[in-house]
């Protein structure tokens with residue numbers, strides 16, 4: 002298959018990392034994974050939802066939408082490398098009663114198609130689901146592909162629900178919930194072999210709700226997306242040092258589950274750490290901080306773990322995650338230093 006022009010050859014990476022390392026799975030060595038949970042969930046759902054259609058801007062293979070396209074070729078639309086057209090066509094299909102799933106990379110939706118999403122979809126409150134791969138620092142291809150500011154861009158858009166699921170287990174539950182929801186949705190999508198974590202905790206996704214995955218008396222980590230996986234690893238590591246860590250998973254970034262967050266922070270006595278795969282500017286950390294400030298809720302300490310406000314390097318993901326402080330080892334070191 003021809004490689005998309007958007008899947009450009011890798012730039013020179015710090016430390017001479019090979020391309021395979023730069024696009025590697027987010028799974029740790031030996032971690033359980035599930036292949037293409039997004040694409041397979043769509044195929045299963047489409048059996049009973051004839052209104053479901055898929056659209057891609059020449060990236061179906063790289064968002065796992067190709068699985069849907071193979072199963073339902075008559076319900077798949079290849080829009081070419083034109084994200085504005087992709088979003089406008091999705092809006093038109095929604096007006097005709099279809100439920101379109103528009104897929105691309107997060108950088109292209111956020112940076113190139115923002116105005117079309119805003120005016121053609123969100124302002125009209127149309128039933129379009131925008132599923133975007135490579136959110137935050139999930140690729141080693143450098144700033145052209147790293148959507149480190151997508152939450153900051155989209156959080157200010159009215160009518161738009163924003164979802165950031167943790168793993169394959171949650172993503173399989175998010176897909177039918179997203180399709181059932183009436184209104185526009187932006188989904189931060191994990192593709193390929195996606196880690197499995199939350200099934201071990203008996204977790205069930207609920208629309209708009211944050212959930213405590215594990216409790217703890219010393220530190221409360223509020224996290225979303227892949228950072229909840231990391232938070233659980235950190236909780237185990239710090240537990241060996243007799244530091245008891247709670248993890249509150251927030252899969253719905255907007256609207257924020259303010260009630261649950263305030264309840265957990267208000268329990269008192271715990272350092273609050275917000276961990277996200279996003280810039281420290283404009284994401285979950287600032288959303289939680291704003292909530293606490295508005296309500297006069299003051300924890301003993303408040304810290305953010307996120308990506309710096311800068312354009313990031315290209316390279317192997319494990320190296321970059323460690324460099325920018327979002328690896329589990331880097332997170333543990335930071336929290337220890339704050340206690």
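In this note's numbering, the protein residues as written are 2 to 340.
Heads up, the beta-carbon is just placed ideally off N, CA and C, and yes, glycines get one too.
DSSP puts residue i in a beta bridge; with which residues?
{"i": "residue 62", "result": "Partner(s): none; residue 62 has no beta bridge."}
{"i": "residue 102", "result": "55, 130"}
{"i": "residue 48", "result": "Residue 48 pairs with nothing; no bridge assigned."}
{"i": "residue 85", "result": "DSSP, once it has assigned bridges, lists no residue as partnering residue 85."}
{"i": "residue 188", "result": "132, 164"}
{"i": "residue 302", "result": "272"}
Need the endpoints of the beta strand (DSSP E) that residue i sits in, please.
{"i": "residue 279", "result": "272 to 280"}
{"i": "residue 198", "result": "Element bounds for residue 198: n/a, residue is neither H nor E."}
{"i": "residue 36", "result": "34 to 36"}
{"i": "residue 118", "result": "No beta strand (DSSP E) holds residue 118; DSSP gives it neither H nor E."}
{"i": "residue 221", "result": "220 to 224"}
{"i": "residue 215", "result": "212 to 215"}
Buried or exposed: which applies to residue i, given that a residue is buried once 16 or more other Cβ atoms fall within 10 Å of its Cβ?
{"i": "residue 302", "result": "exposed"}
{"i": "residue 277", "result": "buried"}
{"i": "residue 340", "result": "exposed"}
{"i": "residue 71", "result": "exposed"}
{"i": "residue 23", "result": "In this prediction, residue 23 has a pLDDT of 46, which is less than 50 and means its spatial position is unreliable; nothing more can be read from the coordinates."}
{"i": "residue 299", "result": "exposed"}
{"i": "residue 41", "result": "buried"}
{"i": "residue 29", "result": "exposed"}
Mapping DSSP to helix, strand and coil, what is residue i?
{"i": "residue 23", "result": "Confidence at residue 23 is low in this model, with a pLDDT of 46, below 50, so the placement of that residue should be treated as unreliable; the coordinate-derived value is given next. Helix, per DSSP."}
{"i": "residue 167", "result": "coil"}
{"i": "residue 307", "result": "strand"}
{"i": "residue 312", "result": "coil"}
{"i": "residue 12", "result": "Because the pLDDT of residue 12 is 42, which lies under 50, any placement of that residue in the model is unreliable, and the number read from its coordinates should be weighed accordingly. Residue 12: coil per DSSP, three-state reduction."}
{"i": "residue 291", "result": "helix"}
{"i": "residue 182", "result": "coil"}
{"i": "residue 296", "result": "helix"}
{"i": "residue 321", "result": "helix"}
{"i": "residue 341", "result": "The structure shown does not extend to residue 341, since the chain is modelled only from 2 to 340, so the question has no answer here."}
{"i": "residue 327", "result": "coil"}
{"i": "residue 243", "result": "coil"}
{"i": "residue 4", "result": "Any reading at residue 4 is ruled out, since the residue's pLDDT is 36, under 50, leaving its predicted position unreliable."}
Leaving aside the five residues before and after residue i along the sequence, list all residues of the same chain whose C-beta is less than 6 Å from its C-beta, in chain order.
{"i": "residue 113", "result": "84"}
{"i": "residue 238", "result": "333"}
{"i": "residue 245", "result": "217, 218, 219"}
{"i": "residue 38", "result": "169, 172, 173, 195"}
{"i": "residue 257", "result": "288"}
{"i": "residue 212", "result": "250"}
{"i": "residue 235", "result": "329, 332, 333"}
Can you give me the start and stop residues for the alpha helix (DSSP H) that residue i sits inside?
{"i": "residue 231", "result": "227 to 240"}
{"i": "residue 77", "result": "Looking at the DSSP string, residue 77 is not in any alpha helix (DSSP H); the run it does join, the beta strand (DSSP E), is 77 to 79."}
{"i": "residue 266", "result": "259 to 266"}
{"i": "residue 122", "result": "Here residue 122 belongs to no alpha helix (DSSP H), and DSSP marks it neither H nor E."}
So, at 7 Å on beta carbons, what are the nonlocal neighbours of residue i in its own chain, with the 5 sequence-adjacent residues on each side left out?
{"i": "residue 183", "result": "128"}
{"i": "residue 80", "result": "56, 57, 58, 86, 87, 90"}
{"i": "residue 155", "result": "111, 161, 163, 187"}
{"i": "residue 323", "result": "330, 331"}
Please return the same chain residues whose Cβ sits closer than 8 Å to the Cβ of residue i, not counting the five positions on each side in sequence.
{"i": "residue 282", "result": "150, 153, 310"}
{"i": "residue 108", "result": "135, 145, 146, 147, 148, 151"}
{"i": "residue 193", "result": "26, 36, 37, 65"}
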